[in-house]
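Contents: one structure, followed by commentary.
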Amino acid sequence: MKKIYYLKTCDTCRRILKEMDTSEYILQEIKTAPITVNQLEALYNITKSYEVLFSKRAKKYKQMDLKNQHLTEKDYRQLILDEYTFLKRPVIVNEKGVFVENTKKLVTFSK
1 MKKIYYLKTC
11 DTCRRILKEM
21 DTSEYILQEI
31 KTAPITVNQL
41 EALYNITKSY
51 EVLFSKRAKK
61 YKQMDLKNQH
71 LTEKDYRQLI
81 LDEYTFLKRP
91 VIVNEKGVFV
101 ENTKKLVTFS
111 K
């Protein structure tokens, strides 16, 4: 299944979605339809890391002073499930793997 997890207010998401053909993708706007436990687990099964899926650029990351805490994979998982802004975006899933936006480059995880 081809799927894109995105946030409609995110400039990076808008830019990437504008540049690609999304007609064969299911689009999930994570603010109105938060990522589920099963969806996050499926991403983890491919990436083998919740930290890779976690956005340290989110405003709440600074507000909660998470930079100064030692976070485990379990912590990253729970934070992503609790707050949609902690999921890096967009996350693009297709037959080639999972692509996680990371500043100016895409991080790829093959299946």
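Residues 1 to 111, numbered by the UniProt record's numbering, are exactly what the sequence shown covers, in order. Yeah, the Cβ is synthetic: ideal placement off N, Cα and C, and Gly gets one too. Small disclaimer: the values here were computed from a predicted structure and weren't measured.
- In the three-state scheme derived from DSSP, where H, G and I count as helix and E and B as strand, E29 is classed as strand.
- The beta carbon of L27 sits closer than 6 Å to the beta carbons of I4 from its chain, once the five residues preceding and following it are set aside; these are given in chain order.
- Under DSSP, I92 takes part in a beta bridge, and its partners are I4 and F99.
- Spanning the alpha carbons of T36 and L81 requires a straight line of approximately 7 Å.
- For L53, the closest alpha carbon among the candidates K67, Y84 and K88 is that of K88.
- Counting C-beta atoms within 10 angstroms of its own C-beta, Q39 has 16 or more neighbours from the protein chains shown and is therefore classed as buried.
- Looking at the DSSP output, L87 shares a beta bridge with F54.
- If you check the CB distance, V98 and T32 do not come in under 9 Å.
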